[in-house]
Amino acid sequence: MDLVVFIMLLLFLFLLPMIFIFKDKKHGDRLPPGSLGLPVIGHSRGLLKALKADRVDEWFQERIAKHGPIWKSGLFGYPTAVLHGPSANKFIYTCDGNILTNTQPPSISRILGTKNIMELSGHGHKRVRAALVSFLKLEVLKQYVAKVDEEIQHHLQTHWHGKHEAEVQPLIKTLTFNVICSLLFGIERGPKREKLLPLFQDMIEGVLAIPINLPFTQFNRGIVARKRLVPMLVDLIRVKREALEKGDSHKDLITSLISIRDDDSSMTMSDEEIIDNIIVVMVAGYDTTSVLVTFLVRLLANNTFVYSNILKEQEEIANSKSSGEALTWEDLTKMKYTWRVASEIMRIYPPVTLSFRRAKQDIEYGGFIIPEGWQVLLSASMTHMDSDIFQKPTMFDPTRFEKTAPSTPPFSYVAFGAGPRMCPGIELAKMETLAMIHRLVTQFTWELVSKEESFKRIPMPEFDHGLLVRITPIKKNSASYKA
Ligand code: HEM
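First residue of the sequence shown? That's 1 in full-length UniProt numbering, and the numbers climb one at a time after it.
Written out as structure tokens, the structure is:
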């Protein structure tokens, strides 16, 4: 059956460009400059190659130089209008969902579910987003710094202390997974969590894989993982609902979503919606934060100036606390330099580098027509590496984020997106990153095993050997946490 679907999909992909080429005649020379490239393939191979070689910003800059701030290309099976500049970012990020939709390819919603926030627009999107933000907002998250800190300390005790080497990226991924499990799902350490991890990993790989549903493909493993995960989440929701009815006051994202009521006291979100959205939160929060922390660890091994400034900031906080005392929200607010460094890392290496939308109708933009059905693409790398916006853009310089630094136009720094779809996980990502860096720099020193270890964007950056580091514990702090 799935083979038939696959063949139909191939035929559809070959016919699609014909439909668009026919329709394009209607718009004549009002289409953006550039070419759509070969049918179906378009320029996807070139972009994928640039992503893999970490040359995506050059790929975009070359095309901006050739065509200007708007051009057309064929990408991932669709004619695509690529838009560059702060006002283009503003247009894409704030555009009405009836003009530009955020709909994901059907292969992605097959794994993430059709009711996940990324599929929704208008009122439906607002409703689910408000429910997620009711737990992810700063005022709520502030109370959980010690819980995040405890997960980090336990992780370091188990996976770093007593070891000579560490593969940073996979370890930080596991840590991020554990933080989300504890804080958002209320699943504490134990067999339940261990069962969930491989299922989530299969789903994430499935979302990023070529969507061919045949036995043993990554995409198929993702679908199977979702099928196995859903009953576990149904059960988790049932247990939490029963506990709530008995007056249990434990709070996490899931209990928060179950508790939300509409004005007429009916439940705001169905179980199906809760499931799709907790899956998407895990997928959206897992790779992104771990990529940022991995790049920070690499930078601290290579840049002694930044390392000594971060160490000073973090040691001052550590010295103000008694041994074994957990981090607090106030501690995190003092980590201003560390966050400026993290922000500069995300300028140069935005974890989410491409954002796609789809035109729901013919759109007039910048003097051109973007026809209905076309894909619209922006890349954070385009404004982040534009020398008119960030001087000497390839230079690593965290002072760009100081309060006194020259201001940049709105919508030019878009590591977390912008507008109504701006990342709702920003405060959690910040909290995790700062707490992880605090514990790492006050408990260890490290050096890269290979200075040359590179990474590929597939599309998230993946280090060739997981970013292998040689680690040495700093003795005074290593005994302060009792597992
Ligand atoms: C360094 C870490 C992170 C980065 C750089 C990041 C980046 C982004 C970006 C750029 C978008 C907007 C994409 C678009 O408009 O096309 C986004 C959306 C989203 N992010 Fe994050 N994210 C991070 C961490 C997290 C975390 C920890 C969570 C969950 C707790 C999360 C959940 C989401 C969700 C649910 C959306 C969709 C929002 C919507 O459609 O309204 N992210 N993120």
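Ideal Cβ positions, reconstructed from N, Cα and C, are used throughout, including at glycine.
- Straight-line spacing of the CA atoms in residue 417 and residue 93 works out to 7 Å.
- Taking a cut-off of 8 Å for Cβ pairs, the region 275–290 and the region 141–159 do not touch, as fewer than three such pairs fall below it.
- Inter-segment contact for the region 244–263 and the region 192–207 is absent: fewer than three beta-carbon pairs are separated by less than 8 Å.
- Note: residue 363 is bridge-paired with 370 in the DSSP secondary-structure output.
- Taking non-hydrogen atoms of ligand 1 into account, the C-beta of residue 289 is found less than 7 Å away from one of them.
- Assignment of beta-bridge partners to residue 339 by DSSP yields no partner.
- With distances taken between CA atoms, residue 157 lies nearest to 443 out of 459, 448, 443.
- Of the other Cβ atoms in all chains shown, fewer than 16 fall within 10 Å of the Cβ of residue 106; this residue is therefore exposed.
- Under the DSSP assignment, residue 166 falls in the beta strand (DSSP E) whose first and last residues are 165–167.
- With a contact defined as Cβ atoms closer than 8 Å, residue 80 and residue 90 miss out at about 19 Å.
- By alpha-carbon distance to residue 382, the top candidate from 60, 295, 276 is 60.
- Under the criterion of beta carbons closer than 8 Å, residue 31 and residue 369 qualify as touching, at roughly 6 Å.
- Within the model, the alpha-carbon separation for residue 328 versus residue 215 is close to 48 Å.
- Fewer than three pairs of CB atoms, one per stretch, sit closer than 8 Å, so the region 358–376 makes no contact with the region 455–465.
- DSSP places residue 221 inside the alpha helix (DSSP H), whose first and last residues are 218–245.
- Between residue 296 and residue 437, the CB-CB gap stays under 8 Å.
- The beta carbon of residue 151 sits closer than 6 Å to those of 178, 179, 182, all from its chain and outside the five residues before and after it, given in chain order.
- Contact annotation: the region 274–285 touches the region 113–120, with at least three C-beta pairs closer than 8 Å.
- The shortest CA-to-CA distance from residue 69 to any of 62, 83, 77 is the one to 83.
- Your pair residue 43 and residue 75 checks out as a contact, with CB atoms roughly 6 Å apart and the cut at 8 Å.
- A distance of 8 Å or more separates the beta carbons of residue 129 and residue 398.
- According to DSSP, residue 377 shares a beta bridge with 82, 356.
- Contiguous beta strand (DSSP E) elements confined to the region 22–93 occur at 70–75, 78–83, taking only those with 3 or more residues.
- Beta-bridge annotation (DSSP): residue 461 is paired with 457.
- No Cβ-Cβ contact shorter than 8 Å links residue 432 with residue 340.
- Per the coordinates, the alpha-carbon of residue 324 lies some 15 Å from the alpha-carbon of residue 155.
- Residue side-chain check: residue 78 keeps its Cβ at 7 Å or more from all non-hydrogen atoms of ligand 1.
- Residue 190 is positioned such that its CB atom lies no closer than 8 Å to that of residue 207.
- By the 16-neighbour rule on beta-carbons within 10 angstroms, residue 407 is exposed.
- Under the three-state reduction of DSSP, residue 175 is assigned to helix.
- By a beta-carbon distance limit of 8 Å, residue 453 contacts residue 468. Their separation comes to about 7 Å.
- Counting along the chain, the unbroken alpha helix (DSSP H) around residue 288 starts and ends at 271–302.
- Secondary structure note for residue 106: its alpha helix (DSSP H) is the uninterrupted segment 106–112.
- Distance check between residue 108 and each of 226, 34, 161, 87 places 226 closest, using alpha-carbon atoms only.
- Residue pairing by DSSP leaves residue 315 without any beta bridge partner.
- Around the C-beta of residue 56, 16 or more other C-beta atoms lie within 10 Å, and the residue is accordingly described as buried.
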